[in-house]
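The opening residue of the sequence shown carries number 1 in my numbering; numbering runs sequentially from there.
Built from N, CA and C at the ideal position, the CB exists for glycine as well.
Predicted model only: the values in this text are computed from it and were never measured.
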Amino acid sequence: MMTNLFSVFDPTSSLLSLPLNWLSTFLGIMFLPMLYWAMPSRWSLLWSLVTSTLHKEFKTLLGASHVGTTLTFVSLFSLVVFNNFLGLLPYVFTSTSHLAMTLALALPLWIAFMLFGWINHTQHMFAHLVPQGTPGALMPFMVLIETISNVIRPGTLAVRLAANMIAGHLLLTLLGSTGPSLSTALVSMLIIGQILLLILEAAVAVIQSYVFAVLSTLYASEVT
């Protein structure tokens, strides 16, 4: 029984469940051998089509000289989308609804981009702080604004993903908790509403994974 509304996101409900909850982050890897080593199926062909489409798009964003880097962002998309989808299943811990998980993905990537850019393309990074055509009087303010927007990027990436996952799960939990107090006719309407919300959450799971990977790719393209 839940002690409060947010206990569904608590990974420390017991000493046994704590390591098992975070290990469920890698549950999606269990599907990969079936997809890549078994006989070709519709699911494996669909996944190959998705990854090849993402590879082409990320290659366009990064440029021809950084084609190999697309593997990193396709893998990032795969990890996030697997965890988002698994979180929709009953009694499966949603690791992407925690800042500890989303920030652990976004922050190292951002630090790597910044170190690579400032070490290898120092002049380009300085020029990026002042957009072309900025009046001289506004240059100090533009440097400050661009610096702040750069620093908060990993935070916005992490919060966007976690907040979207939490919002959908809370809405499903709130609606589900009202079921015992409703009449039979209202319960049937509630079930239909829950199914529609679940479909919406599945779409949000894919969209947020795509947004997370594309924004990470755009941040990488700015430092090259």
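Please report the distance separating the alpha-carbon of leucine 71 from that of leucine 107. C-alpha separation (whole angstroms): 18 Å.
If contacts are defined as beta-carbon pairs under 8 Å, then isoleucine 166 and serine 97 qualify, I think. What distance do you get, rounded to the angstrom? The pair is a contact, with the Cβ atoms about 5 Å apart (cut-off 8 Å).
Going by C-alpha to C-alpha distance, which of Leu89, Thr122, Ser24 sits closest to leucine 79? Residue Ser24 is the option with its Cα nearest to leucine 79.
With a threshold of 6 Å on Cβ separation, who are the neighbours of proline 154 within its own chain once the five nearest residues in sequence on each side are excluded? Excluding residues within five positions, the ones whose Cβ falls inside 6 Å are Ala106, Leu107, Trp110.
Helix, strand or coil, according to DSSP, for tyrosine 210 in the structure here? Tyrosine 210 falls in the helix class under three-state DSSP.
To the nearest angstrom, report how far apart tryptophan 118 and methionine 139 are at their CA atoms. For the pair tryptophan 118 and methionine 139, the Cα-to-Cα distance works out to about 20 Å.
Count Cβ pairs between the stretch 132 to 148 and the stretch 51 to 63 that sit closer than 8 Å; are there 3 or more? Verdict: no, contact absent.
If you follow the alpha helix (DSSP H) that serine 78 is in, where does it begin and where does it stop? Per DSSP, the unbroken alpha helix (DSSP H) holding serine 78 starts and ends at 70 to 86.
Alpha helix (DSSP H) segment containing alanine 104, residue limits: Counted as a single uninterrupted DSSP element, the alpha helix (DSSP H) harbouring alanine 104 occupies residues 99 to 120.
So, are the CB atoms of alanine 213 and threonine 69 less than 9 Å apart? Cβ distance not < 9 Å, so alanine 213 and threonine 69 don't count as in contact.
Where tryptophan 43 and leucine 198 are concerned, what is the direct C-alpha to C-alpha distance, given to the nearest angstrom? When rounded, the distance between both Cα atoms is 21 Å.
How would you call asparagine 83, buried or exposed, if buried means at least 16 neighbouring beta carbons within 10 angstroms? That one is buried.
Look at the alpha carbon of alanine 162 and the alpha carbon of alanine 203, and state the distance between them as a whole number of angstroms. The straight-line gap from Cα to Cα measures roughly 15 Å.
Does glycine 63 come out as helix, strand or coil in the three-state DSSP assignment? Collapsing the DSSP output to three states places glycine 63 in coil.
In whole angstroms, give me the CA-to-CA distance for methionine 125 and tyrosine 210. One C-alpha to the other measures close to 26 Å.
Residues of its chain near leucine 172, where Cβ-Cβ distance is below 8 Å and the 5 sequence neighbours each way are ignored: Hits under 8 Å: Gln194, Leu197, Leu198, Glu201.
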